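Structure first, commentary second.
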Amino acid sequence: METRILKGKPLAAAMREEVSERAANLRDAGVVPTLAVVLVGDDPASRIYSSSIQKAGAKLGVDVRLVELDVASGESGIRDRLTELGADPDVHGIIVQQPLPKGIPGSVVDAVPFAKDVDGSTAESLGRILSGREAFAPATAQAVVEVLSRAGIEVSGRHVVIVGRSTVVGKPLACLLLKKDTVGNATVTVCHTGTRDLAAMTRTADILVAAMGVPEAIRGSMLARGVIAIDVGVNRVDAPGSEKGYRVTGDIAVEEALGVAAALTPVPGGVGTLTTTIILGNAVTAAESALASE
Ligand code: NAP
């Protein structure tokens with residue numbers, strides 16, 4: 002069986018075109034879609050990510066404002082700043098960079114109003130997703146849904162096995178795929194470290210989503226022939242002879258999956274390629290909603 006490689010780049014390019022057109026329409030209507038990226042402390046990886054969002058935003062016509070906060074502002078200072086941004090009519094979307102510095106609880110993000118929570122991080126957004134009400138889902142979960150729908154993969158009525166139950170990927174994705182609408186309506190099984198026979202579960206999947214963070218944990222023998230394999234994992238593994246000394250790999254053993262899976266997302270260059278565009282697109286959606294309710 003030939004395995005179709007579902008590259009993220011062309012899918013992201015199509016999304017970018019749509020987002021940029023919608024951002025231009027907003028600008029024509031006098032609204033500059035604006036995303037606030039809140040960086041607490043000085044995590045170097047978060048800083049790199051922030052500047053990549055800024056660059057992507059500049060290309061799409063979304064203003065990306067970097068809001069830097071000192072760890073010394075503490076939990077209440079951060080909450081206050083998020084509340085201020087939440088009330089600012091010129092800010093349409095807010096993301097808080099993770100990981101937060103030690104001593105700052107993750108619940109601090111709950112100060113972001115759900116309508117501006119463009120990476121689905123708050124308890125309110127997650128509760129809304131669970132109850133089928135309007136909210137932005139975490140971008141990675143949304144990215145999996147986008148890959149499936151943009152690649153023309155039928156989800157309705159099929160068995161999706163998700164390996165991983167985190168709040169950023171597995172659990173919200175299960176909710177999205179269960180929804181009784183065009184992108185969902187799947188039968189969903191969520192596996193984790195407590196699952197007794199993981200291979201027996203994964204072999205029953207029509208669509209398998211690996212979101213474990215364990216390099217190449219899903220072996221070829223764990224896949225049903227013809228499965229659609231979506232690899233969310235991003236792992237660094239030592240590669241002593243290579244230039245960087247490491248290589249990036251997913252949670253699926255690619256060489257073993259080729260010829261068994263009907264389709265496979267690569268790592269890097271798969272699901273992760275879409276997330277920044279999704280966040281910027283959500284900021285545009287939030288700006289459109291704000292304009293419509295004026
Ligand atoms: P996480 O919070 O560590 O959750 C991992 C999940 O996988 C947990 O539910 C864990 O089960 C389960 N798991 C781990 N090892 C397992 C095993 N051997 N068998 C069965 N289940 C196992 O990780 P995450 O934040 O969801 O991220 C998962 C992966 O996706 C990571 O590689 C991460 O880098 C990647 N990721 C990529 C993007 C992107 O592309 N932009 C974004 C987010 C995450 P328990 O709950 O029982 O511990």
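Residue numbers (the working numbering): 2 to 295.
A virtual CB, placed ideally from N, CA and C, is assigned to each residue, including glycine.
Model, not experiment: these values are computed from the prediction.
query: Pair every Cβ in the stretch 238-246 with every Cβ in the stretch 10-21, then say whether three or more of these pairs are closer than 8 Å.; result: no
query: Give a yes or no on contact between the stretch 215-231 and the stretch 117-125, applying the rule of three or more CB pairs nearer than 8 Å.; result: no
query: Tell me whether Thr278, by its Cβ, gets closer than 7 Å to a heavy atom of the ligand NAP.; result: no
query: Going by C-alpha distance, which of Ser77, Ala287, Gly9, Glu217 is nearest Val164?; result: Glu217
query: If distances are taken between C-alpha atoms only, which option among Leu275, Asp207, Ser290 comes closest to Val261?; result: Asp207
query: Any heavy atom of the ligand NAP inside 7 Å of the beta-carbon of Ser122?; result: no
query: Output needed for Leu174: all residues of its chain with C-beta closer than 7 Å, excluding positions within five of it in sequence on either side, in chain order.; result: Ala142, Val145, Ile163, Val210
query: Take every Cβ of the stretch 244-259, pair it with every Cβ of the stretch 281-294, and state whether three or more of those distances are shorter than 8 Å.; result: no
query: Of all the options Ser77, Gln55, Ala59, which has the alpha carbon lying nearest to the alpha carbon of Leu67?; result: Gln55
query: Nearer than 7 Å: is that true of the beta carbon of Cys176 relative to any heavy atom of the ligand MN?; result: In the structure on display, the ligand MN does not appear, and the ligands it does have are the ligand NAP.
query: Give a single yes or no on whether Asn236 has its beta carbon closer than 7 Å to a heavy atom of the ligand NAP.; result: yes
query: Measuring alpha carbon to alpha carbon, tell me which residue in Val156, Thr84, Ala264, Val97 is nearest Ser47.; result: Val97
query: With a threshold of 7 Å on Cβ separation, who are the neighbours of Ala138 within its own chain once the five nearest residues in sequence on each side are excluded?; result: Gly121, Ile130, Pro173, Leu177
query: Tell me the rounded alpha-carbon separation between Ala258 and Val65.; result: 39 Å
query: When the Cα atoms are used, what is the spatial distance from Ala30 to Leu292?; result: 9 Å
query: Quick check on Val103: buried or exposed, where buried means 16 or more other Cβ atoms within 10 Å of its Cβ?; result: Reading off the sequence, residue 103 comes out as Lys, not Val. Flag for Lys103 reads exposed.
query: In chain order, what residues of the same chain have a beta carbon less than 7 Å from the beta carbon of Ser53, not counting five sequence neighbours either side?; result: Thr277
query: Kindly indicate the opening and closing residues of the beta strand (DSSP E) around Asp120.; result: Note, Asp120: premise wrong, no beta strand (DSSP E); not H, not E.
query: Return no unless some Cβ of chain C is closer than 8 Å to the Cβ of Ser167.; result: This model lacks chain C altogether, as it is built from one protein chain only.
query: Report yes if the C-beta of Leu199 is less than 7 Å from at least one heavy atom of the ligand NAP; otherwise report no.; result: yes
query: Would Ala287 be called buried (16 or more neighbouring beta carbons within 10 Å of its own) or exposed?; result: buried
query: Find out if the Cβ-Cβ distance for the pair Pro34, Val63 is shorter than 8 Å.; result: yes
query: With DSSP run on the structure shown, which of helix, strand or coil describes Ile279?; result: helix
query: Excluding sequence positions up to five away, which residues of its chain have a Cβ less than 6 Å from the Cβ of Ala187?; result: Val156, Arg159, Val161, Leu178
query: Alpha carbon to alpha carbon, how far is Gly128 from Leu12? Give it in angstroms, no decimals.; result: 29 Å
query: In terms of DSSP beta bridges, what is Arg237 paired with?; result: Val249
query: Take the Cβ of Lys213 as the centre, count every other Cβ of all protein chains shown within 10 Å, and call the residue buried at 16 or more, exposed below.; result: It is Met, not Lys, that sits at residue 213 in the sequence shown. So Met213 counts as buried.
query: Checking 8 Å against the spacing of the C-beta atoms, do Leu101 and Val41 come in under that value?; result: yes
query: Heavy atom of the ligand NAP less than 7 Å from the Cβ of Met213, yes or no?; result: yes
query: Count the other C-beta atoms from every protein chain shown that fall within 10 angstroms of the C-beta of Met223, then say buried if there are 16 or more, exposed otherwise.; result: buried
query: Expressed to the nearest angstrom, what Euclidean distance is found between the alpha-carbon atoms of Asp44 and Glu69?; result: 11 Å
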